[in-house]
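Asks: First, the structure itself, so that you have it in front of you.
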Amino acid sequence: MSAPHEGHGDPRVAFESAKLGLWTFLATEVLLFGALFTAYAVFRAKYPALFHSEHLKLNRVLGTLNTVVLITSSLTVVLGVDAIRRGKARLLERYYAVTIVLGAVFLCVKYIEWTGEFHHGRYPDSNIFFSLYFMMTGLHGIHVILGMGVLAYVVVLSRRGRFSGEYHTPAEVAGLYWHFVDLVWIYLLPLLYLIG
Amino acid sequence: MDNVLAFGAASAQAARVDALFVMITVIGGFFFFLTQGMLIYFAVRYRRRLPDRDNETPRITGNHLLEFFWVLIPSIVVVAIFYYGWRVYTDQRIPVGGATEVYVNARQWLYEIKYPDGRTAINEIRVPAGRPVKFILSASDVIHGFYLPDFRVKMDMIPGRVTTLWVEPDRPGRYQIFCTVYCGTGHSNMLAQLVVMSPDAYAEWSARHEEAGEEKEHEPLAVRGARVAKNAGCLNCHPIGGAAKVGPDWKGLFGSNVPLEGGASATADEEYLRESIVDPGARIVKGFPNVMPTYKTTLSKEDVDAVVEYIKTLK
Amino acid sequence: MAQAAEEPGSGRGYLAESGWRSWAYTMDHKRIGVMYLYTTIAFFFIGGIFALLLRLELLSPQAKYFSDHTYNIFFTLHGSMMIFLFIIPAIPSGLGNFFIPMHIGARDVAFPRINLASYWVFVAGFLVVIASLVSPMDTGWTFYTPYSAKTGAAVATLSFGIFLLGMSSILTGLNFIVTIHKLRAPGMTWHRLPLFIWGMYSTSIIQVVATPVVGVTFLLLAMERLLGVAFFDPAKGGDPVLFQHFFWFYSHPVVYVMILPAMGIISEVIPVFSRKPIFGYKAIAYSSLAIAFLGFLVWGHHMFTSGMSPLANAIFSFLTFFVAVPTAVKVFNWIATLYKGSITFESPMLYALTFIFLFAVGGLTGPFLGALATDVQLHDTYFVVAHFHYTMMGGTVMGFFAGLHYWFPKMTGKMVNEKIARISWALVFVGFNVAFFTMFIAGVKGMPRRYAEYLPKFQVENVISTVGAAILAVGIGMMFWNFLQGLRKGPPAPGNPWRALSLEWQTPSPPDTENFHEIPVVTDWPYAYGTPKGPAA
Chain A
6 MSAPHEGHGD
16 PRVAFESAKL
26 GLWTFLATEV
36 LLFGALFTAY
46 AVFRAKYPAL
56 FHSEHLKLNR
66 VLGTLNTVVL
76 ITSSLTVVLG
86 VDAIRRGKAR
96 LLERYYAVTI
106 VLGAVFLCVK
116 YIEWTGEFHH
126 GRYPDSNIFF
136 SLYFMMTGLH
146 GIHVILGMGV
156 LAYVVVLSRR
166 GRFSGEYHTP
176 AEVAGLYWHF
186 VDLVWIYLLP
196 LLYLIG
Chain B
629 MDNVLAFGAA
639 SAQAARVDAL
649 FVMITVIGGF
659 FFFLTQGMLI
669 YFAVRYRRRL
679 PDRDNETPRI
689 TGNHLLEFFW
699 VLIPSIVVVA
709 IFYYGWRVYT
719 DQRIPVGGAT
729 EVYVNARQWL
739 YEIKYPDGRT
749 AINEIRVPAG
759 RPVKFILSAS
769 DVIHGFYLPD
779 FRVKMDMIPG
789 RVTTLWVEPD
799 RPGRYQIFCT
809 VYCGTGHSNM
819 LAQLVVMSPD
829 AYAEWSARHE
839 EAGEEKEHEP
849 LAVRGARVAK
859 NAGCLNCHPI
869 GGAAKVGPDW
879 KGLFGSNVPL
889 EGGASATADE
899 EYLRESIVDP
909 GARIVKGFPN
919 VMPTYKTTLS
929 KEDVDAVVEY
939 IKTLK
Chain C
17 MAQAAEEPGS
27 GRGYLAESGW
37 RSWAYTMDHK
47 RIGVMYLYTT
57 IAFFFIGGIF
67 ALLLRLELLS
77 PQAKYFSDHT
87 YNIFFTLHGS
97 MMIFLFIIPA
107 IPSGLGNFFI
117 PMHIGARDVA
127 FPRINLASYW
137 VFVAGFLVVI
147 ASLVSPMDTG
157 WTFYTPYSAK
167 TGAAVATLSF
177 GIFLLGMSSI
187 LTGLNFIVTI
197 HKLRAPGMTW
207 HRLPLFIWGM
217 YSTSIIQVVA
227 TPVVGVTFLL
237 LAMERLLGVA
247 FFDPAKGGDP
257 VLFQHFFWFY
267 SHPVVYVMIL
277 PAMGIISEVI
287 PVFSRKPIFG
297 YKAIAYSSLA
307 IAFLGFLVWG
317 HHMFTSGMSP
327 LANAIFSFLT
337 FFVAVPTAVK
347 VFNWIATLYK
357 GSITFESPML
367 YALTFIFLFA
377 VGGLTGPFLG
387 ALATDVQLHD
397 TYFVVAHFHY
407 TMMGGTVMGF
417 FAGLHYWFPK
427 MTGKMVNEKI
437 ARISWALVFV
447 GFNVAFFTMF
457 IAGVKGMPRR
467 YAEYLPKFQV
477 ENVISTVGAA
487 ILAVGIGMMF
497 WNFLQGLRKG
507 PPAPGNPWRA
517 LSLEWQTPSP
527 PDTENFHEIP
537 VVTDWPYAYG
547 TPKGPAA
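Protein chains in written order, with the working numbering: chain A, 6 to 201; chain B, 629 to 943; chain C, 17 to 553.
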């Protein structure tokens with residue numbers, strides 16, 4: 006299946022390219038986090054007792070709260086994409102703004118969690134468990150910030166009137182990225198907080 | 629012991645590795661001359677003769693039978709090479725019973741040897757010929773390597789882990805040991821020797837509890853000191869004039885006034901130098917790191933005195 | 017296939033607009049490719065100068081011109097620059113950027129802005145790497161822990177630099193994958209794609225899948241230095257060998273990123289200069305994918321002496337041998353393409369044939385290292401140094417030179433002096449073999465690598481190698497001088513000086529910014545040389 010004459014000037018081709026591009030990019034992100042998950046598996050197998058004792062020290066309440074926040078934010082993204090598919094740009098902007106706020110809430114809770122750990126003398130160099138904890142949640146947090154930036158850019162584009170029911174590729178692509186960020190957290194939560 | 633190309637093997641095991649090497653060379657050589665011979669032959673034979681008949685070349689796009697065979701045959705060949713290489717390797721990894729054990733610990737930039745009976749040495753390992761030897765390897769700081777080219781074996785030495793290597797030396801001789809994992813400035817100077825002795829000489833040596841260095845009773849102390857300083861790795865860290873290294877310069881050291889960490893100073897007399905060898909952390913020269921290992925158990929009192937005498941000659 | 021007029025480059029095509037802004041802000045894949053070429057070639061020269069300094073020092077067994085510490089920094093810089101700043105980006109981001117859209121009949125890549133971004137991220141990366149030179153590394157390009165975590169050099173800075181370079185590589189690979197999937201001209205089915213595209217497609221998959229792992233690896237190294245995290249530190253329960261697993265999980269597939277594009281170039285050049293279709297098109301196409309896939313399974317063969325279990329070693333050794341099979345298939349197919357051809361030996365063809373010859377040496381010395389018992393002997397010796405220089409320089413760099421000579425007329429609209437090209441080729445060929453074949457011998461004799469000083473018994477090989485390096489340097493210098501002269505005052509190039517059939521040659525030299533006036537409709541594959549009903553094999 007090859008492209009028609011106009012190449013990527015053709016909107017259908019551009020949309021399909023954007024989606025393929027994002028999925029390919031998500032593949033790279035899977036491998037990025039995958040390397041850390043592999044390190045987690047290796048050290049967990051090596052030090053089961055340490056992982057058991059240390060994971061109990063994490064704040065499961067805040068972890069669960071953050072999970073609820075992120076899942077809700079994925080819901081607002083879905084609602085936003087649905088809105089723009091029906092041509093409702095203002096609604097898209099509102100839903101995405103809420104998503105960004107939820108992302109900020111996530112980061113604040115994370116901040117509270119981290120300072121809590123520091124307060125108890127648990128730092129990235131304390132032991133292997135906490136090295137993994139801070140690295141994995143830290144890298145995830147950076148992706149939350151990046152995701153918020155991408156969503157904000159989509160809101161700006163929408164306010165400039167760039168989207169319609171027919172064309173709203175950046176909104177879809179940004180939404181997909183946010184779902185991925187949420188998905189990584191869904192894996193992090195049980196591995197770090199729940200499994201003993 | 630020198631080895632020319634793949635020969636000069638110091639054990640039967642090494643000779644087996646050499647046989648594998650020769651086999652791979654022959655197979656590789658065969659395929660090389662076959663393919664590149666055809667390349668050159670075709671390039672010459674089918675060079676363009678008539679420019680305007682360029683379009684008359686036949687449009688050959690493939691040949692399924694040929695392609696099938698040239699996938700099948702290399703596949704079989706590589707499996708054969710894998711198998712042979714694996715078998716020789718497995719023999720190398722399975723330790724033989726009755727082995728003499730030697731502990732070797734690497735640190736920047738020397739090898740500390742410890743024998744089960746408590747004797748220690750630096751950069752020289754002594755074993756009897758005709759019996760297997762098992763090296764129990766580790767490292768203190770960074771990853772080092774333990775390579776015996778004459779035996780065709782090597783193993784990495786990893787901090788926090790123990791790895792093992794065994795050889796069965798056939799005949800007496802001195803064999804080179806190289807460090808093969810980059811470990812810092814002194815990497816290429818971490819030279820050590822495996823001294824394989826005849827069983828009688830080894831028995832005699834064991835009974836005498838000699839420590840590092842050879843037994844040479846009547847040589848001048850400074851000459852002995854120069855030899856010990858080289859073999860024990862001192863000169864890997866201490867320059868004698870010339871480019872700066874990790875440790876203080878020995879040239880002009882004796883008798884000089886040495887500023888120390890913490891503000892005090894000392895005169896570099898016999899006592900200071902002796903103390904620096906057996907208890908190096910006691911009085912560190914200002915501006916130098918506290919990384920020197922102690923030679924308290926690895927150099928005899930005579931060797932320490934010899935090194936001090938040698939330093940005295942370096943004006 | 018659409019036929020373009022064969023008049024020499026009348027306008028300046030895509031080069032018409034001038035001024036630094038027309039380059040810095042360009043979204044034309046051709047200009048981006050040219051910028052990458054200049055940048056990577058500059059690093060090739062800098063890395064090469066470090067190599068010559070190493071060879072100078074290695075004339076004498078003991079330290080002579082500079083200290084061991086300086087030597088160690090030089091070999092680290094030589095390796096790191098050559099790998100991260102030259103050989104990984106040069107063909108993909110340089111020639112690939114220029115020719116992938118043209119080969120598939122597109123006007124540009126799928127994401128032109130991301131393409132430009134990838135170049136500036138690359139620039140940012142190398143600036144950070146250069147910044148790290150205030151406290152240069154001596155770890156070797158492999159940065160093994162614990163040494164790299166402890167040494168007093170700007171490792172964290174360098175790690176961030178390499179992370180950025182990796183991001184640039186990922187963006188390029190991502191762009192190419194989408195471009196090849198979505199922007200092929202009508203009639204350009206997968207089996208009508210030039211083999212350069214198959215090679216680049218496989219390369220892009222590796223870039224996208226493997227590079228993130230090395231990104232994380234360097235991130236963890238930086239965090240170990242900055243925050244004291246414990247992954248690789250044995251004192252805190254970490255595992256220094258884990259670093260090696262992460263590092264080689266990327267760094268083995270990356271050698272296929274280096275070689276597959278060059279193999280793609282060879283697959284383009286050989287048919288053109290023998291006037292015959294490529295033999296076994298599908299085999300070559302699919303072998304590229306096979307190499308990309310198998311390349312992910314063999315990283316442990318760099319670690320046979322690191323204390324892995326004999327079982328793990330055996331599995332890695334077994335799988336390693338299988339990467340040889342698709343590679344061998346390509347070599348056989350290229351040679352078979354010559355059969356009953358009408359062969360000429362212009363400079364692109366000389367380099368392409370040289371690639372096959374030298375890569376065969378490199379490839380056939382692989383089994384010594386894939387076989388467990390001989391690897392234990394030869395690992396970390398000069399044998400390995402010779403092996404990878406034969407494959408990376410005798411392979412990739414010769415392929416790069418073939419591509420440069422082949423596509424120079426198209427990119428610049430000028431022709432180079434063919435006689436000087438051939439003389440420089442001869443010097444390169446002789447110099448290369450003299451420089452690197454002796455290293456096999458030194459390695460078998462037991463000379464370890466990364467040695468600033470060595471035992472006197474290795475001196476003869478080292479002196480010979482240095483002489484070869486000098487000859488090689490002269491040849492390379494002459495080759496690039498020839499390119500410069502061609503740029504400045506070469507005769508104008510026709511649209512299709514080699515009478516080739518792929519799409520880029522159906523345009524003027526240099527091409528216009530939009531590549532094609534009309535998107536071509538493809539009706540045949542690009543290897544339809546010779547007479548269809550001619551004599552059979």
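Every residue, glycine too, gets a C-beta built ideally from N, C-alpha and C.
Just so you know, these numbers come straight off a predicted model, no measurement behind them.
With a cut-off of 8 Å, do at least 3 Cβ pairs link the segment 677 to 685 of chain B to the segment 281 to 297 of chain C?
Replies: In short, these stretches touch, since the Cβ pair count reaches three.
Asks: Any contact of the segment 767 to 781 of chain B with the segment 731 to 743 of chain B, i.e. 3+ C-beta pairs under 8 Å?
Replies: Enough Cβ pairs lie closer than 8 Å, so yes.
Asks: So what does DSSP say about B/Y775, is it helix, strand or coil?
Replies: DSSP places B/Y775 in strand when its eight states are reduced to three.
Asks: Going by DSSP in three states, C/T161 sits in which element: helix, strand or coil?
Replies: Of the three classes helix, strand and coil, the one that applies to C/T161 here is coil, per DSSP.
Asks: Would you report the Cα separation of C/F384 and B/H692, rounded to the nearest angstrom?
Replies: Roughly 30 Å separates the two Cα atoms.
Asks: So with Cβ pairs under 8 Å, would you call C/Q522 a contact of chain B?
Replies: Not an interface residue.
Asks: Please classify B/F635: does DSSP put it in a helix, a strand, or coil?
Replies: Of the three classes helix, strand and coil, the one that applies to B/F635 here is coil, per DSSP.
Asks: For B/Y1021, which residues does DSSP report across the bridge?
Replies: Nothing in the structure corresponds to residue 1021 of chain B, since chain B is present only between 629 and 943.
Asks: Tell me C/P508's beta-bridge partners as DSSP assigns them.
Replies: Answer is C/K430, bridged to C/P508.
Asks: Would you call the segment 342 to 351 of chain C and the segment 227 to 245 of chain C in contact, with 3 or more CB pairs under 8 Å?
Replies: Because the criterion of three Cβ pairs below 8 Å is not met, the segment 342 to 351 of chain C and the segment 227 to 245 of chain C do not touch.
Asks: Quick one: any contact between the segment 154 to 173 of chain A and the segment 22 to 42 of chain A, if contact means 3 or more CB pairs under 8 Å?
Replies: Output reads no: the segment 22 to 42 of chain A does not touch the segment 154 to 173 of chain A.
Asks: Could you please give the first and the last residue of the uninterrupted alpha helix (DSSP H) stretch that includes B/Y803?
Replies: Careful: B/Y803 lies outside any alpha helix (DSSP H), inside the beta strand (DSSP E) at 801 to 805.
Asks: If we ignore side chains and look at the alpha-carbon of each, how far apart do C/E362 and B/I655 end up?
Replies: Their Cα atoms are separated by approximately 33 Å.
Asks: Quick one: is B/I939 buried, meaning 16 or more other Cβ sit within 10 Å of its Cβ, or exposed?
Replies: With 16 or more Cβ atoms within 10 Å of its Cβ, B/I939 is classed as buried.
Asks: Can you name the residues that DSSP bridges to C/S218?
Replies: Answer by DSSP bridge pairing: none, since C/S218 is not bridged.
Asks: Which word fits B/C865, buried or exposed, when buried means at least 16 other C-beta atoms lie within 10 angstroms of its C-beta?
Replies: The residue in question, B/C865, is buried, as its Cβ has 16 or more Cβ neighbours within 10 Å.
Asks: Where A/P195 and A/V47 are concerned, what is the direct C-alpha to C-alpha distance, given to the nearest angstrom?
Replies: Rounded to the nearest angstrom, the two C-alpha atoms are 17 Å apart.
Asks: Mind checking whether C/S518 and C/H119 have CB atoms under 8 Å apart?
Replies: Going by C-beta atoms, C/S518 is nearer than 8 Å to C/H119.
Asks: Using CA atoms only, rank isn't needed, just tell me which of B/V790, B/A871, B/E832, B/P760 is closest to B/Q641.
Replies: B/Q641 has its Cα closest to that of B/P760, out of B/V790, B/A871, B/E832, B/P760.
Asks: Given B/R677, which residues of its chain have a CB within under 6 Å of its CB, disregarding the five upstream and five downstream residues?
Replies: No residues qualify anywhere along the chain.
Asks: Any chance you could list the alpha helix (DSSP H) runs of at least 4 consecutive residues sitting entirely within the segment 62 to 112 of chain A, in chain order?
Replies: Complete alpha helix (DSSP H) runs here, min 4: 65 to 90.
Asks: Put B/P787 into one of helix, strand or coil per three-state DSSP.
Replies: If DSSP states are grouped into helix, strand and coil, B/P787 belongs with the strands.
Asks: For my contact list, B/R911 and B/E903 are in at a C-beta cut-off of 8 Å; report their separation, rounded to the angstrom.
Replies: Yes, B/R911 and B/E903 are in contact; Cβ-Cβ is about 7 Å, under 8 Å.
Asks: Any idea which residues DSSP pairs C/S38 with across the strands?
Replies: DSSP output for C/S38 lists no bridge partner at all.
Asks: Report yes or no: is there a C-beta of chain B within less than 8 Å of the C-beta of C/P472?
Replies: Chain B contact via Cβ: absent.
Asks: Using three-state DSSP, classify B/M825 as helix, strand or coil.
Replies: B/M825: strand per DSSP, three-state reduction.
Asks: Could you give the distance in angstroms between the alpha-carbon of B/F659 and the alpha-carbon of B/M666?
Replies: Distance between the alpha carbons of B/F659 and B/M666: 11 Å.
Asks: Just verifying my parser: in three-state terms, what is the DSSP assignment at B/L793?
Replies: B/L793 falls in the strand class under three-state DSSP.
Asks: List the residues of chain B whose Cβ lies closer than 8 Å to the Cβ of C/K166, in chain order.
Replies: Result: D769, V770.
Asks: Given that a residue counts as buried once 16 or more other Cβ atoms are within 10 Å of its Cβ, and exposed if not, what is C/K37?
Replies: According to the sequence displayed, residue 37 of chain C carries Arg and not Lys. Flag for C/R37 reads exposed.
Asks: I'd like to confirm the pairing. Which residues does DSSP put opposite B/I753 in its beta bridges?
Replies: Answer is B/L822, bridged to B/I753.
Asks: Classify B/L888 as helix, strand or coil using the three-state DSSP reduction.
Replies: DSSP places B/L888 in strand when its eight states are reduced to three.
Asks: At a CB-CB cut-off below 9 Å, which residues of chain A make contact with C/H197?
Replies: By Cβ distance, chain A contributes M6, E21, S22, L25.
Asks: So which residues on chain B does C/E469 lean against when the C-beta distance must stay under 8 Å?
Replies: Those within 8 Å of C/E469 in chain B are S816, N817.
Asks: Which residue's Cα is closest to the Cα of A/A157: A/L144, A/T120, A/A179?
Replies: Residue A/A179 is the option with its Cα nearest to A/A157.
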